[in-house]
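Numbering (mature numbering (1 follows the signal peptide of the UniProt record, and there is no 0)), first residue to last: -24 to -1, 1 to 79.
Note that the Cβ used here is the ideal one computed from N, Cα and C, for glycine as well.
Data block below; observations after.
Written as structure tokens, this is what we have:
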């Protein structure tokens, strides 16, 4: 259940970011294998999560032990785009409280 919630969260983030892309700087897009190789070679990032977005795009989160992270979205056409990146990535292992449970 936790993984489904995380996957849904990533999907919503991707949809929000993709929706606002026309107002922001153009995303870097290329063949998936090339982008993944660059993430590994330059930043030592490996895939940490994967989810299917509502528009049938595949969303992947890559991160390194240093804390750098990147969100990569691959469209059904096969084109992959770097959507967001940042620092201080952390894997959270805490379980979320049940819906309706007091906090």
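Could you tell me if residue i is buried or exposed, where buried requires 16 or more neighbouring beta carbons within 10 angstroms of its beta carbon?
i, result
"residue 72", "exposed"
"residue 36", "buried"
"residue 4", "exposed"
"residue 26", "exposed"
Confirm, please, whether the CB-CB distance from residue j to residue i is below 9 Å.
i, j, result
"residue 38", "residue 18", "no"
"residue 42", "residue 62", "no"
"residue 52", "residue 31", "yes"
Straight-line CA distance for residue i to residue j?
i, j, result
"residue 6", "residue 21", "17 Å"
"residue 55", "residue 46", "16 Å"
"residue 15", "residue 50", "15 Å"
"residue 13", "residue 70", "31 Å"
"residue 29", "residue 48", "12 Å"
"residue 58", "residue 75", "33 Å"
"residue 9", "residue 40", "18 Å"
Tell me, please, which residues DSSP counts as bridged to residue i.
i, result
"residue 61", "46"
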